[in-house]
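A quick write-up on the structure given underneath.
Protein chains: 2
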Amino acid sequence: MSVFTPVPESVLSSWLQNYAIGRLVELKGISAGVQNSNFFVTTTLGRYVLTLFEGIGRAELPYYLHLMAHLARHGLPVPAPIANRDNEYLGTVEGKPAVLVMRLQGASVMDPDEGHCARAGAMLAGLHLAGQSYGRRQPNPRGPQWREQAASQVRDHLPADERALLDEEMRFQATIETDTLPAGAIHADLFRDNVLWDGEHIGGVIDFYFAGHDALLFDVAVTV
Amino acid sequence: MSVFTPVPESVLSSWLQNYAIGRLVELKGISAGVQNSNFFVTTTLGRYVLTLFEGIGRAELPYYLHLMAHLARHGLPVPAPIANRDNEYLGTVEGKPAVLVMRLQGASVMDPDEGHCARAGAMLAGLHLAGQSYGRRQPNPRGPQWREQAASQVRDHLPADERALLDEEMRFQATIETDTLPAGAIHADLFRDNVLWDGEHIGGVIDFYFAGHDALLFDVAVTV
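Going line by line, the protein sequences match chains P and H.
Counting from 1, position 133 in the first sequence corresponds to residue 822 in our numbering; the numbering is continuous, with no gaps.
Counting from 1, position 170 in the second sequence corresponds to residue 859 in our numbering; the numbering is continuous, with no gaps.
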């Protein structure tokens, strides 16, 4: 269950008056996802998704929202955030930072074939190419520093063979100069769950809340 | 027939390398429209429309393209222009100013019912509200000055009764202070042909190339 903060219809109706997308027709909680509270919002003008951020700090959010806007502007199927009448993406609902995004078509495919993989690869390439002209920068929250911290936190709880494997991997990673690899804005969480398929087309790539600036190869590794 | 300038696939394929939307899959001329050359463009990442401007000057185009982008950013179903890898909307194809926009779903409805009219009204309201925060301004190309010129051009070719009606209307219009009416960015051409319906939802409002800054009432008059 991913609706941690319920939103009454009356609250949303009045909040929507600061948008240009008509009146509320339907509000429905979404059960998928574990990080934030998500809702399908239908108005007289269209279909949107409302997200209330439960854990991400307000200061980190503009990076994600403007990245999604930037990629959408470059023609990629990502959830474009909706600006309110003050031209802002980020608002507040029930005391939480909140954003409305365009609702995309499609559903995940858990057993992708070669065609799906080729299109996911084209999408990743498009994301990396368009990302080169994105002006904001925020480090990958799962970058080298986080990996070292996480490794040292779990190390002592692992059986001996897995601990040896982890130590070997961390030693290997310490020898790589990731700074010399081509870098840019990466999605960093492009699992099958986060790609929606509309027939053979990608209807959307969602969940940009792990994105950050890092080696593009990181994305390839996660996606493959 | 509205393809005035044919575009070879090889030309478009190489032009698309400056975009992040994958490789060309299909290019198809569109027969509707009388002003510009339009094409359906399908790539490995999505479905777009390419427009080559045949008559509109390059200097006027940014007003239209950024207005469409502004309205799309506010969640309205309008064709969002696609930025290339240099972050520009406007390019050149076969020597003509050219833009790629998102392809929208739906088809015109020639006999709208009350429900259609209510939604078209909500759309117009949304367009006017979101338009209030649009920073660029260009006069309505069919404003008072154009109307006077057009009237004097056709006047002498009209039968006596129509000429009397035109004179009466022009005298009446001269008494109205349009400057005191609420104004902003208007579509100025919201005929039934320019609203695409996707079931009961508005899939898109298209053809912004008559838009300009004028009394909002102008839009209401055209739409009704």
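The C-beta atom is built at its ideal place from N, Cα and C for all residues, glycine as well.
Supposed contact pair residue 771 (chain H) and residue 764 (chain P) - C-beta distance, whole angstroms, cut 8 Å = 4 Å
Using three-state DSSP, classify residue 809 (chain H) as helix, strand or coil.
-> helix
Can you tell me whether residue 891 (chain H) is buried or exposed, with buried defined as 16 or more other CB within 10 angstroms of its CB?
-> By the 10 Å Cβ count, residue 891 (chain H) comes out buried.
May I ask you to report which of helix, strand or coil DSSP gives residue 881 (chain P)?
-> Looking at residue 881 (chain P) - three-state DSSP - the assignment turns out to be helix.
Would you say the region 803-815 of chain P touches the region 874-893 of chain P, given that touching needs at least three Cβ pairs under 8 Å?
-> Touching, per the Cβ criterion.
Taking residue 718 (chain H) as the reference, give the member of H:710, H:703, H:741 and H:877 with the closest Cα.
-> Ranking the options by Cα distance to residue 718 (chain H), first place goes to H:741.
Can the beta-carbon of residue 726 (chain H) be found closer than 9 Å to that of residue 692 (chain H)?
-> A contact, by the Cβ cut-off of 9 Å.
Quick one: which residues of the region 698-730 of chain P get their C-beta closer than 8 Å to a C-beta of chain H? List them in chain order.
-> So the close ones are 708, 709, 710, 711 and 712.
Pick out whichever of P:766, P:785 and P:710 has its Cα sitting closest to the Cα of residue 746 (chain P).
-> P:785
DSSP puts residue 737 (chain H) in a beta bridge; with which residues?
-> H:730 and H:791
Mind the definition here: the region 789-803 of chain P touches the region 845-865 of chain P only if three or more C-beta pairs lie below 8 Å; say whether that holds.
-> Judged by Cβ distances under 8 Å, the region 789-803 of chain P makes no contact with the region 845-865 of chain P, as fewer than three pairs qualify.
Can you give me the start and stop residues for the beta strand (DSSP E) that residue 874 (chain P) sits inside?
-> Annotation: the continuous beta strand (DSSP E) that includes residue 874 (chain P) extends over 872-875.
Beta carbon of residue 822 (chain P) nearer than 9 Å to that of residue 774 (chain H) | Contact: yes.
Name the chain P residues that come within less than 8 Å of residue 737 (chain H), Cβ to Cβ?
-> 764
How far does the beta strand (DSSP E) with residue 716 (chain P) in it reach, from first residue to last?
-> 713-718
Flag residue 877 (chain P) as yes if its beta-carbon sits less than 9 Å from any beta-carbon of chain H, otherwise no.
-> no
What are the boundary residues of the beta strand (DSSP E) that includes residue 864 (chain P)?
-> For residue 864 (chain P), no beta strand (DSSP E) encloses it, and the DSSP letter there is neither H nor E.
Would you say residue 859 (chain P) faces chain H, with C-beta separation under 9 Å as the test?
-> False, the Cβ-Cβ gap to chain H never drops below 9 Å.
Locate the beta strand (DSSP E) running through residue 782 (chain H), then write down its first and last residues.
-> 780-782
Which two residues bound the contiguous alpha helix (DSSP H) that contains residue 908 (chain P)?
-> 905-912
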